[in-house]
Each structure stands twice: as structure tokens, then as C-alpha cells.
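Shown next, in C-alpha cells, is the structure this report addresses.
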Amino acid sequence: INPLYGARKSVKEEDFPELPRNSLKLLHPLGNGAFGEVYKGAYFPSREKNESISVAIKTLSKEATDEHKNDFLMEAVLLGSLKHYNIVKLIGVSFIRVPKFLILEFMEGGDLKTFLQANRPTFNNKTTLKMTDLLRIAMDIVDGCKYLESLRFIHRDLAARNILLTSRGVGRVAKIGDFGMAKDVYKSEYYRKSKNSLVPVKWMPPEAYLDGVFSTKTDVWSYGVLLWEILTFSYIPYPGLSNHEVIQCVAKGDRMCPPRYCPKPLKALIESCWRTEPETETDV
Ligand SMILES: CN1CCN(c2ccc(C(=O)Nc3n[nH]c4c3C=[N+](C(=O)[C@H](O)c3ccccc3)C4)cc2)CC1
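Add 2 to a position in the sequence shown, counting from 1, and you land on the number used in my numbering.
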């Protein structure tokens, strides 16, 4: 059963592998995380040898609100309890000093959305990415999702922006790197109502944004949108439509069309992720 039930009650800071603060070195910022900075860092596992491993260090600034403090701890709970090749690993924490640190596996390629946009084929330069590259990324993410489903864990925010890559070159591996919305739900059952402006409507099925019903099928729907993002090199879904218009037209049955050059089986898969009735098994 989902290892996180009751997490919000019982989690204590001493539950995590505390790494000595002097074995960690902040190098440079990697971009603003949701609540503080994410840095490239170096971790020196042993005092004797001068070897270090690259890590990403997520910091919690001193002036963080209690809500952010809770999110930060929840992220440690989530990542600390999920152990899979396609989910970014939590190496340890450093809560002993402020700013507090989460030490995460370093993903040199950055997020998938930015990567795809940087590799989008344009008029005068073809992309170096092949369909097999795109499908490999999609398969990596599926493996991470199957693991989450095996734990009956609902991610609630699968999207290219939340996927990280081990590198940008050949042999890159995609991993689920952020659990934004899932953290929220552990904060309050009504995160949807209190923060509906933050709700990723374009990645959600009607039963989720209309009735707040979430299940693994919600992640299946989002995965279909993520596949569409991969095939379009990260266009914004429902191009030209506002969130409000999407709510209207998707609820009445409109769907995005997969791109023309999308392989037939993939087109069928994407469409099966967007079935109106979530109960119907995808027959692909
Ligand atoms: C041309 N260059 C190529 C390289 N490039 C980067 C840009 C960003 C990154 C980066 O953030 N890497 C990360 N490794 N581990 C974690 C990361 C973020 N984490 C987080 O937890 C972040 O919150 C997160 C999570 C999911 C998605 C985005 C951000 C954990 C790496 C290279 C810059 C441009």
C-alpha cells in the first residue's frame, strides 16, 4: 500500500540520512526551484579520499513559510520512499543548519521541456533527435509511472516540465524529478480548491478538474498529454486555447489531435489515454 499514508503525521526530520554539512559544497545555481534554489553541488562521501560526486542540492531559505517548510519535508518523504531507476534519487538531507538541504541525484540534462524546445526541428536546422530517441524517453517515464502505480501512488502532475534527463546526449535517461502537486495533496485534501489557479488543467482529465476525482487514470491522462508534448517538442497543449476554454471543450469531448507524423500505434495509445470514461480499460 502507498508508503506515504499517514506520512504527514509521523514524519520526523531525524528519519532521513543526514549528511555532514562539511561534506557538501554548493557550486552554482541550476535555476529557481519552487521554494528556494536548486544548486549544482559536490558531495565528498569519505573524509580521507578527495573524491566527490555531483549532486543537486535543493535549499530551503530561512524566510520560507511554514507551508514551504512542510512541502520541503514532504518532498524528502516522497523521494526518500520512492526507489526506482526512473525516479530521481534522494541521496540524503542536511537539516542540521539553515538553509536546509535536500541532496538529490544530479541530472545533467536538465528538464525535458527545455531539452525538447532546444531540439525542436526548425526551418533551417533539422533536429538531431530521432523518433527512437523520443520513444526511449517515453518508455523511461512509463517505467517510473508503473512503479508509482505499483505503490498506488498518484503523481497528479506528470508533465515534461517535471521530467529530468541524466544528460542531453545519446544514452540519456529520463526520470520523474518533481512531485509538486502530490506534495500539495499531503498538505490538504482541498489543495485543488485553495490553489485552483495552480492546477495544471491542460494535463488533467475532466473528472479531476470538475469533480476533484483523482486516480491512476488521472496519471494515464497526463501521460497522454506528456506523449503529445514529446512528439511536438514541447508545444503548449491545446495551442491557442486558455485553461478556461480547455475546461469547456475537453469536458464536452474535444481532444487534441496527435501530430501528423506520429506513428499509428502511438496515435492510438495517446487517444486511449484520453477516453471520456476513465473506467474503460485502454484496449491498446
Ligand atoms: C544547456 N544547459 C544544459 C544543462 N542545464 C541544466 C539545467 C538544470 C539542471 C537541473 O536542475 N538538474 C537537476 N539534477 N537533479 C535535480 C535537478 C533539479 N532538481 C529539482 O528538484 C528541481 O526542482 C526540478 C525538478 C524537475 C524539473 C525541473 C527542476 C533535482 C541541470 C542542467 C542548463 C542548460
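Backbone N, C-alpha and C fix where the C-beta goes; we use that ideal spot for every residue, glycine too.
Predicted model only: the values in this text are computed from it and were never measured.
Could you tell me the alpha carbon to alpha carbon distance between residue i and residue j, rounded to whole angstroms?
i: ASN164; j: PRO265; result: 25 Å
i: ILE93; j: LEU106; result: 5 Å
i: LEU166; j: TYR45; result: 20 Å
i: HIS157; j: ASP221; result: 6 Å
i: PRO19; j: TYR41; result: 19 Å
i: ASN72; j: THR168; result: 28 Å
i: LEU243; j: GLU231; result: 15 Å
i: PHE235; j: LYS115; result: 8 Å
i: PHE74; j: VAL90; result: 15 Å
i: THR129; j: LYS204; result: 26 Å
i: TYR192; j: TYR87; result: Any answer about TYR192 is weak, because its pLDDT of 28 lies below 50 and its placement is not dependable; what the coordinates show is given next. Rounded to whole angstroms, TYR192 to TYR87 spans 32 Å at the Cα level.
i: LYS132; j: ASN126; result: 17 Å
i: ARG257; j: TYR237; result: 15 Å
i: PHE216; j: CYS251; result: 20 Å
Taking the CB atoms as reference points, tell me whether residue i and residue j lie closer together than 8 Å.
i: ALA140; j: LEU104; result: no
i: TYR211; j: ILE249; result: yes
i: MET109; j: GLY179; result: yes
i: ARG99; j: ARG23; result: yes
i: VAL175; j: ASP142; result: yes
i: LEU228; j: LEU160; result: yes
i: PRO260; j: LYS254; result: no
i: LYS27; j: GLY43; result: yes
i: PHE181; j: LEU32; result: no
i: LEU271; j: LEU136; result: no
i: SER96; j: LEU21; result: yes
Sorry if obvious, but does the Cβ on residue i come closer than 7 Å to a heavy atom of ligand 2?
i: VAL40; result: Within the structure as shown, ligand 2 is missing, the only ligands being ligand 1.
Are three or more beta carbon pairs between the region 133–147 and the region 45–61 nearer than 8 Å? no
Would you say the region 106–124 touches the region 200–211, given that touching needs at least three Cβ pairs under 8 Å? no
Scan the region 87–156 and note each continuous beta strand (DSSP E) run of 3 residues or more that stays entirely inside, going in chain order. 92–96, 102–107
Taking the runs of the alpha helix (DSSP H) that are 4 residues or longer, which of them lie wholly in the region 26–93? 68–83
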